[in-house]
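Visitor: Have a look at the structure that comes next, please.
Here is the structure:
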């Protein structure tokens with residue numbers, strides 16, 4: 190069990206829902222060589238999770254399937270970052286960025302995420318998200334960027 | 525006019541004859557004339573694919589994207605229990621103990637094998653390394669990459685995991701693996717083009733029982749393939765989506 194302190198944080202989602210989550214200040218190292226892969230339907234509901242996703246998130250696969258992908262959103266992530274993601278992929282383009290994710294037990298892990306729309310016979314059927322190991326320098330840049338965005342008062346995630 | 529069959533140029537040199545046996549087996553089973561054309565490099569093969577000269581191809585996952593999305597090919601089968609994974613290796617006496625120990629300016633030995641190179645470059649990202657701050661040199665084979673590392677001509681090299689594992693113990697003993705990918709869903713696939721699409725179902729059915737046929741079993745052994753697994757349209761699309769997330 191982690192020695193780091195934990196705190197309860199109220200997470201407000203953009204659709205008006207909210208939940209209280211435990212947040213711990215210790216990081217789960219990203220495993221070398223692995224990709225975290227998930228797919229969602231067009232509304233962001235998880236339809237596929239690979240084993241690396243299950244292992245890193247701490248959720249069981251049956252807890253992930255059917256859940257909204259924002260189950261992973263860490264309160265340190267500003268809403269504007271995800272707004273940019275959704276605007277990009279809903280326009281049919283690829284989005285790439287650095288994301289701090291929240292594990293079920295309150296710990297966190299950083300990823301470099303790429304999300305693309307899944308088009309079948311001209312129709313959007315969902316999104317694929319693939320996460321890989323980021324460099325420490327990129328994580329530091331993202332931490333500074335997101336902290337600045339949070340100070341601007343965009344607290345809804 | 526015979527159909528044209530080709531194989532991704534990243535196949536192991538020990539298995540060339542196996543692909544000719546496979547072609548002979550296929551012709552007899554399907555009752556059609558098929559010409560097998562093997563290429564030394566990817567560029568000429570891609571040019572011929574785009575020129576409509578290919579009807580059947582054992583394609584690497586990177587090219588599968590172009591074949592399916594742009595040229596109307598469909599996946600029929602994939603080799604059983606064989607996934608494409610990459611290894612980053614260094615000389616055994618290298619000071620680097622993990623990828624993050626590799627530094628800008630390092631000399632990378634790689635091949636034209638697109639999926640191994642792509643996966644390898646992704647694994648270098650955690651060290652803030654990319655094509656702008658390393659020296660890359662392309663080699664013809666993984667054995668030549670191993671030799672370059674042993675001779676001190678390169679600091680790190682990309683290998684197809686299967687090829688790395690097949691290096692002789694003598695050579696592998698002078699190398700050290702820093703990281704091996706564990707992606708699990710990227711693999712080669714047998715694809716049919718529009719001219720042969722009408723036989724895709726027959727071909728898939730044949731391949732699923734190939735290992736049960738004595739001659740088929742021998743052919744599979746000579747290609748170093750255990751058997752084939754059927755590939756659905758959605759499985760193919762999923763792999764292509766995943767590859768799309770990995771390329772810039």
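Residue numbers (the working numbering), protein chains in the order written: chain A, 190 to 346; chain B, 525 to 772. Idealized CB from N, CA, C, for every residue including glycine.
From residue 620(B) to residue 305(A), what distance separates their C-alpha atoms?
Guide: Taking the first residue of the second chain as position 1, residue 620(B) is located at position 96. Taking the first residue of the first chain as position 1, residue 305(A) is located at position 116. Taking the straight line joining both Cα atoms gives about 34 Å.
Visitor: Please report how far the alpha carbon of residue 541(B) lies from the alpha carbon of residue 721(B), in whole angstroms.
Guide: As a working note, residue 541(B) is residue 17 in the second chain. As a working note, residue 721(B) is residue 197 in the second chain. Cα-Cα distance, rounded: 26 Å.
Visitor: What does the alpha-carbon distance come out to for the pair residue 611(B) and residue 634(B)?
Guide: Working through the second chain from its first residue, we reach residue 611(B) at position 87. Working through the second chain from its first residue, we reach residue 634(B) at position 110. Their backbone Cα atoms lie some 11 Å apart in a straight line.
Visitor: Can you find a C-beta in chain B that's less than 7 Å from the C-beta of residue 321(A)?
Guide: Within the first chain, numbered from 1, the residue matching residue 321(A) stands at position 132. So yes, residue 321(A) belongs to the interface.
Visitor: Alpha carbon to alpha carbon, what distance is there between residue 696(B) and residue 638(B)?
Guide: Residue numbering aside, residue 638(B) sits at position 114 when the second chain is read from its first letter. Residue numbering aside, residue 696(B) sits at position 172 when the second chain is read from its first letter. Whole-angstrom Cα-Cα distance: 23 Å.
Visitor: Please name the residue or residues paired with residue 601(B) in a DSSP beta bridge.
Guide: Within the second chain, numbered from 1, the residue matching residue 601(B) stands at position 77. Looking at the DSSP assignment, residue 601(B) forms a beta bridge with 714(B), 754(B).
Visitor: Listing by chain order, which chain A residues have their CB less than 7 Å from the CB of residue 766(B)?
Guide: Here the question's residue 766(B) lines up with position 242 in the second chain. Going along chain A in sequence order, the residues near residue 766(B) (Cβ under 7 Å) are 226, 317, 319.
Visitor: Run the CB neighbour count on residue 718(B), radius 10 Å, all protein chains shown included, and call it buried at 16 or more, exposed below.
Guide: The residue given as residue 718(B) occupies position 194 in the second chain. The residue in question, residue 718(B), is exposed, as its Cβ has fewer than 16 Cβ neighbours within 10 Å.
Visitor: Counting contacts by CB-CB distance shorter than 7 Å, is residue 705(B) in contact with chain A?
Guide: Start at 1 with the first residue of the second chain, and residue 705(B) comes out as number 181. It does; some Cβ of chain A falls within 7 Å.
Visitor: Buried or exposed for residue 585(B), going by 16 or more other Cβ atoms inside 10 Å?
Guide: Translated into positions along the second chain, residue 585(B) becomes position 61. Looking at its Cβ environment, which holds 16 or more other Cβ atoms inside 10 Å, residue 585(B) is buried.
Visitor: Please report the distance separating the alpha-carbon of residue 576(B) from that of residue 209(A).
Guide: Counting from 1 along the second chain, the entry for residue 576(B) is found at position 52. Counting from 1 along the first chain, the entry for residue 209(A) is found at position 20. Cα to Cα, residue 576(B) sits roughly 58 Å from residue 209(A).
Visitor: Kindly indicate which residue of 253(A), 295(A), 273(A), 197(A) has the alpha-carbon position closest to the one of residue 338(A).
Guide: Numbered from its first residue, the first chain carries residue 338(A) at position 149. Out of 253(A), 295(A), 273(A), 197(A), 273(A) has the C-alpha closest to the C-alpha of residue 338(A).
Visitor: What's the C-alpha gap between residue 656(B) and residue 251(A)?
Guide: Position 132 of the second chain, counting from 1, holds the residue named residue 656(B). Position 62 of the first chain, counting from 1, holds the residue named residue 251(A). Their backbone Cα atoms lie some 42 Å apart in a straight line.
Visitor: Would you say residue 637(B) faces chain A, with C-beta separation under 7 Å as the test?
Guide: Stepping through the second chain from its first residue, residue 637(B) is reached at position 113. Residue 637(B) does not count as touching chain A.
Visitor: With H, G and I counted as helix, E and B as strand and the rest as coil, what does DSSP make of residue 651(B)?
Guide: Sequence index remark: in the second chain, residue 651(B) carries index 127 (1-based). Three-state DSSP puts residue 651(B) in a helix.
Visitor: Specify whether the segment 746-763 of chain B and the segment 708-716 of chain B touch according to this definition: at least 3 beta carbon pairs, one from each stretch, less than 8 Å apart.
Guide: Yes, they touch.
Visitor: Output needed in chain order: residues of the segment 302-315 of chain A with a Cβ under 7 Å from some Cβ in chain B.
Guide: Cβ contacts with chain B: 303, 305, 307, 309.
Visitor: Would residue 700(B) and residue 627(B) be called neighbours here (beta carbons separated by less than 7 Å)?
Guide: Taking the second chain and counting its residues from 1, one reaches residue 700(B) at position 176. Taking the second chain and counting its residues from 1, one reaches residue 627(B) at position 103. Not a contact, by the Cβ cut-off of 7 Å.
Visitor: If you follow the alpha helix (DSSP H) that residue 271(A) is in, where does it begin and where does it stop?
Guide: In the first chain, residue 271(A) corresponds to position 82, counting from 1. Taken as a continuous stretch (DSSP letters only), the alpha helix (DSSP H) holding residue 271(A) covers 268-279.
Visitor: Mind listing, in chain order, the continuous alpha helix (DSSP H) runs of no fewer than 4 residues lying wholly within the segment 571-644 of chain B?
Guide: Counting whole runs of 4 or more residues, the segment 571-644 of chain B contains the alpha helix (DSSP H) stretches 585-593.
Visitor: By the three-class DSSP mapping on this structure, what secondary structure does residue 345(A) have?
Guide: Counted from its first residue, the first chain places residue 345(A) at position 156. Confidence in residue 345(A) is poor, its pLDDT being 47 and thus under 50, which makes the residue's placement unreliable; the coordinate value appears in the next sentence. Reduced to three states, the DSSP call for residue 345(A) is coil.
Visitor: Taking the alpha-carbon of residue 546(B) as reference, which of 679(B), 745(B), 770(B) has the nearest alpha-carbon?
Guide: Here residue 546(B) refers to the residue found at position 22 of the second chain. Minimum Cα distance to residue 546(B) is reached at 745(B).
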